[in-house]
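Written out below as structure tokens is the structure these notes cover.
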Amino acid sequence: MTVRVSRTFEFDAPAEDVWAFISDAEKRAGAISVVDTFEVHGDGTATWHVGLPIPMIRSTITVDTEEVERDPPNRVKFVGRSSAFRVTGEHVITEVDGGCRLANEFVVDGKLPGVESFFKRNFDAELDNLEAALRRSLALDA
Numbered sequence: 001m002t003v004r005v006s007r008t009f010e011f012d013a014p015a016e017d018v019w020a021f022i023s024d025a026e027k028r029a030g031a032i033s034v035v036d037t038f039e040v041h042g043d044g045t046a047t048w049h050v051g052l053p054i055p056m057i058r059s060t061i062t063v064d065t066e067e068v069e070r071d072p073p074n075r076v077k078f079v080g081r082s083s084a085f086r087v088t089g090e091h092v093i094t095e096v097d098g099g100c101r102l103a104n105e106f107v108v109d110g111k112l113p114g115v116e117s118f119f120k121r122n123f124d125a126e127l128d129n130l131e132a133a134l135r136r137s138l139a140l141d142a
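Mapping of the sequence shown onto UniProt numbering: residues 1 to 142, in sequence order.
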């Protein structure tokens, strides 16, 4: 089973300001609550250490992520691979009157029992975390 979630946020901010946050692998990883720690390698790759509270997993999972598409300041797409799941995330910024729109899509393909159901239950909260972190970042830049 594959879990797919999409959500769009609107901001009264320039697209470049939203791009500065969403294109930064460290800021994206830092906004996700199940990412315990992470290392950004500077070459478009990062390693996330993810803690999922499901019975099959007793420690953090190492997720090797890499950007597979980057079109500044409009789009970034990444893929994360681990022994437990594969995740694809895509962020597309579109300018609108007075600001911009950020469309987000995530797809998780689980390899272990419980992974998909965890993400299905928790994706909305994780997207809330991402939106809140981005809004805080924009307020600090203002």
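Glycine is no exception: its CB is placed at the ideal position from the N, C-alpha and C atoms. These numbers were taken from a predicted model, which means no experiment stands behind them.
Cβ distance (whole Å) where residue i is taken to contact residue j below 8 Å
i, j, result
"I61", "V79", "That belief does not hold up - the Cβ atoms of I61 and V79 are roughly 15 Å apart, past 8 Å."
"L127", "R7", "5 Å"
"I93", "V18", "5 Å"
"R81", "D64", "5 Å"
Outcome for residue i when other beta-carbon atoms lying within 10 angstroms are tallied against a minimum of 16
i, result
"G42", "exposed"
"D12", "exposed"
"L140", "exposed"
"V115", "buried"
"G110", "buried"
"V68", "exposed"
Between the CA atoms of residue j and residue i - distance to the nearest angstrom
i, j, result
"N122", "N74", "27 Å"
"A31", "V40", "14 Å"
"A133", "M56", "30 Å"
"F21", "D36", "19 Å"
"E131", "R70", "20 Å"
First through last residue of the alpha helix (DSSP H) which encompasses residue i
i, result
"R28", "A25 to G30"
"V87", "Note, V87: premise wrong, no alpha helix (DSSP H); beta strand (DSSP E) at F85 to V96."
"V18", "A15 to I22"
Host beta strand (DSSP E) of residue i (start-end)
i, result
"D71", "I61 to D71"
"V79", "R75 to R81"
"D36", "V35 to V40"
"R4", "T2 to F11"
Beta bridge counterpart(s) of residue i as assigned by DSSP
i, result
"G110", "F85"
"V50", "V35 and I61"
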